[in-house]
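Asks:
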DNA sequence: AGAATAGTGTCTCTAAGACATTATCGG
DNA sequence: CCGATAATGTCTTAGAGACACTATTCT
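Residue numbers (my numbering), protein chains in the order written: chain R, 1 to 302; chain E, 303 to 604.
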């Protein structure tokens, strides 16, 4: 940088400083990544004319070791010294699903003390979105005891109280994760405090319902983020196969948002984001629908 | 939980397992928090009739030790074993500014290897928003070499290339941090890859321009998040004093978004979020403006 | 034929953009 | 009076919501 080497108060150059630096002087926490792997799958439908309803699913693994032995947890693991956080997330994703190159987004880093009874653990959660048609090729392979759960949440109750300089709103939610074999149900309390024009949100687990660690909280948070992001970005396409009909796309929006959308408005909204093909989905007992694909020219803002 | 205690494959109960657990078996990274502390201040204005223009500022500290000795860095420090991530952020904020109970939000966790030449460091960045009127009371106190910098960014150039199954957009930005005494200028490249309907964004420092570590990247990211959030949340109020005029509020939006807004539309938009007072800002060489305060009853969606 | 979805047309309503107009001060 | 900001009125435009209507298939 300059001709004269920079020295610190003890007269050391950078090389000297680094040579004598003791990296072990601070006690360090363990760092892990937790994966929130979502997909949307078709449920069974007996009436051949009707569209099969879709459901949002999340991947969990059964714990084979203490703590929380036998309970269900998010896939994840320790970040090794030589890999970046994102590489660790990709590695965990690959070992769990055998899939690469899918949508992956860092969500939040959970750093409360006491999250893990063994030691201090700080963990960063990543959300991955998988197209279920890719997935079905290798469902239930080597992964011991990894299973998909249908995910739903239910509003339970809400209270709002006035305080000296603002309000406090408490909201209770039930998070339900359902499988052919298992049914997990957790209760989470979300407290929103408004004081002195500052909004703060806190999440607490009221009942973990057989979900290990604080993972019920991480799942609820991810679901909220997924809902928020699907409205103003194009992440929904990461859940779709290469070719899809507009009705299928709309179903994906509906199952994530948990409400029905009007077809006319929906089609107007996505019109610029998709490209027509000349293929049709046929043999469905009703008018065939055109297949579309994602339009990569569509530039989302940012 | 049950009468028979759960045991793992080695026949251990949870108590036995935890007693024999070796917490030091994995090599662990250091974890730090980095603080992005923003405020909006009035610049000088000679014409007594005109409103003083506002500028967005960020707090930096001058490094007194290797590495990056003499360069400017974000305030921050190590997370200690007994405090949560958020507590660490609050502690750093307090030691740096003497302020508590302000807006604080976790932004992102940076986990690339080689971010710090001393050792593996993973750091979580937190954004804090400060009302500058509170701040002026204790500006430039004990904090050695902490200073506010006016922050601006400038679009430099953009390229868009078609690839096999999507597009790649590269955008170069200049980040300028200006002070009475110093002027830092960094260049950042943002690469946005769209492949197979999946969007990925990567940030790289092209020229760190006397900003320590990868902090230029963290600052640019925080600025982008601040811009995004001010549009769909009410965080702007965290930057305002208790009483403010609507023109002042509009100025804050304008300086953060970097564009002018139409007064009529702006007033319609914030009308429900504020409460009138019967006080006026006078002696300004023009029609007095009414003071408003934040309306805590205004519920933002979430 | 009829049950179902696919796809379009169009009216209404709301919110944002644009811009003109009035109000009010300090000098 | 003048220069400046404060505050409101109103026309236009864009987009979402609502809903009716037409098109097309398979058993």
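Beta carbons are placed, not taken as given, at the ideal position from N, Cα and C, and that holds for glycine.
1. Note down, in chain order, all residues in the region 465-497 of chain E with a beta-carbon under 7 Å from any beta-carbon belonging to chain R.
2. Just by C-beta distance, which residues in the region 519-544 of chain E are closer than 9 Å to chain R?
3. Should residue 79(R) and residue 331(E) be called a contact, given that it needs their Cβ atoms to be closer than 8 Å?
4. Closer than 9 Å by beta-carbon distance: list the chain E residues that pair up with residue 124(R), in chain order.
5. With distances taken from CA atoms, which of 410(E), 418(E), 437(E), 584(E) is nearest residue 520(E)?
6. By Cβ distance below 6 Å, which residues in the same chain neighbour residue 168(R) in space, the five residues on each side in sequence not counted?
7. Output, in sequence order along the chain, the residues in the region 320-352 of chain E whose CB is closer than 8 Å to any CB in chain R.
8. Exposed or buried, residue 221(R), counting other C-beta atoms within 10 Å across all chains shown (16 or more means buried)?
9. When the cut-off is 8 Å and only beta carbons count, does residue 568(E) lie next to chain R?
10. For chain R, check one thing: does any of its Cβ atoms lie closer than 8 Å to the Cβ of residue 439(E)?
11. For residue 436(E), which three-state DSSP category applies?
12. Between the C-alpha atoms of residue 129(R) and residue 238(R), what's the straight-line distance to the nearest angstrom?
13. Please give the ranges of any beta strand (DSSP E) in the region 163-214 of chain R, keeping only runs that are unbroken, at least 3 residues long and fully inside the region.
14. For a test of the three-state rule: what should DSSP assign to residue 220(R), helix, strand or coil?
15. Can you tell me whether residue 588(E) is buried or exposed, with buried defined as 16 or more other CB within 10 angstroms of its CB?
16. Which residues mark the beginning and the end of the beta strand (DSSP E) in which residue 292(R) is found?
17. Can you name the start and end residues of the beta strand (DSSP E) that residue 415(E) belongs to?
18. Please list the partners that residue 70(R) has in chain E, where partner means a Cβ-to-Cβ separation under 7 Å.
19. In the DSSP assignment, find the beta strand (DSSP E) that holds residue 579(E) and state where it starts and stops.
20. Does residue 578(E) get closer than 8 Å to chain R when you measure Cβ to Cβ?
21. Does the Cβ-Cβ distance between residue 60(R) and residue 74(R) come in under 8 Å?
22. Does residue 63(R) come out as helix, strand or coil in the three-state DSSP assignment?
23. Buried or exposed, going by whether 16 or more other CB atoms sit within 10 Å of the CB of residue 216(R)?
24. So which residues on chain E does residue 65(R) lean against when the C-beta distance must stay under 7 Å?
25. Measuring only the C-alpha atoms, how far is residue 301(E) from residue 235(R)?
26. Can you tell me whether DSSP reads residue 303(R) as helix, strand or coil?
27. Starting from the beta carbon of residue 408(E), find every residue of chain R whose beta carbon is closer than 8 Å, and list them in chain order.
28. Which residues of chain E have a Cβ atom closer than 7 Å to the Cβ of residue 75(R), listed in chain order?
29. Go ahead and pull the three-state DSSP assignment for residue 389(E).
30. Compare the beta carbon distance of residue 594(E) and residue 535(E) with 8 Å and say whether it is the shorter of the two.
31. Per DSSP, what kind of secondary structure is residue 54(R) in: helix, strand or coil?
32. Determine the chain R residues that contact residue 515(E) at a beta-carbon separation under 7 Å, and present them in chain order.
Replies: Walking through what the data contain:
1. Per Cβ criterion, the list reads 468, 469, 496.
2. The region 519-544 of chain E vs chain R, Cβ under 9 Å: 526, 530, 534, 535, 536, 537, 539, 540, 542, 544.
3. Yes.
4. Those within 9 Å of residue 124(R) in chain E are 411, 413, 424, 426.
5. The alpha carbon of residue 520(E) has as its nearest neighbour, out of 410(E), 418(E), 437(E), 584(E), the alpha carbon of 410(E).
6. For residue 168(R), where only same-chain residues beyond five positions count, the Cβ hits under 6 Å are 161, 193.
7. Within the region 320-352 of chain E, the residues whose Cβ lies closer than 8 Å to some Cβ of chain R are 320, 323, 325, 328, 329, 330, 331, 332, 333, listed in chain order.
8. Residue 221(R) should be labelled buried.
9. No, residue 568(E) lies away from the interface with chain R (no Cβ there is under 8 Å from its Cβ).
10. Model confidence at residue 439(E) stands at a pLDDT of 47, short of 50, so the residue's coordinates are unreliable; what they give is reported in the following sentence. Chain R, which has no Cβ nearer than 8 Å to the Cβ of residue 439(E), makes this no.
11. Helix at residue 436(E).
12. About 6 Å.
13. Listed in chain order, the complete beta strand (DSSP E) runs (minimum 3 residues) inside the region 163-214 of chain R are 166-178, 183-195, 198-207.
14. Of the three classes helix, strand and coil, the one that applies to residue 220(R) here is helix, per DSSP.
15. Counting Cβ neighbours within 10 Å, residue 588(E) comes out exposed, since fewer than 16 surround it.
16. It spans 289-294 - the beta strand (DSSP E) in which residue 292(R) sits, taken as one unbroken run.
17. In the DSSP annotation of this structure, residue 415(E) is not part of any beta strand (DSSP E), being labelled neither H nor E.
18. By Cβ distance, chain E contributes 308.
19. Start and end: 576-583.
20. So no, residue 578(E) is outside the interface.
21. Yes, the Cβ-Cβ distance between residue 60(R) and residue 74(R) is below 8 Å.
22. Coil.
23. The residue is buried, with at least 16 neighbouring Cβ atoms inside 10 Å.
24. Those are 310, listed as they occur along chain E.
25. Residue 301(E) falls outside the range modelled here, since chain E spans only 303 to 604, and no answer is possible.
26. An answer regarding residue 303(R) cannot be provided, because it is not within the stretch 1 to 302 covered by chain R.
27. By Cβ distance, chain R contributes 108, 109.
28. The contact set of residue 75(R) on chain E, defined by CB atoms closer than 7 Å, is empty, because the minimum CB distance reaches about 18 Å.
29. The answer is helix: DSSP assigns residue 389(E) an H, G or I state.
30. Contact: no.
31. Three-state DSSP puts residue 54(R) in a strand.
32. Those do not exist, as residue 515(E) stays about 14 Å from chain R at its closest Cβ, beyond 7 Å.
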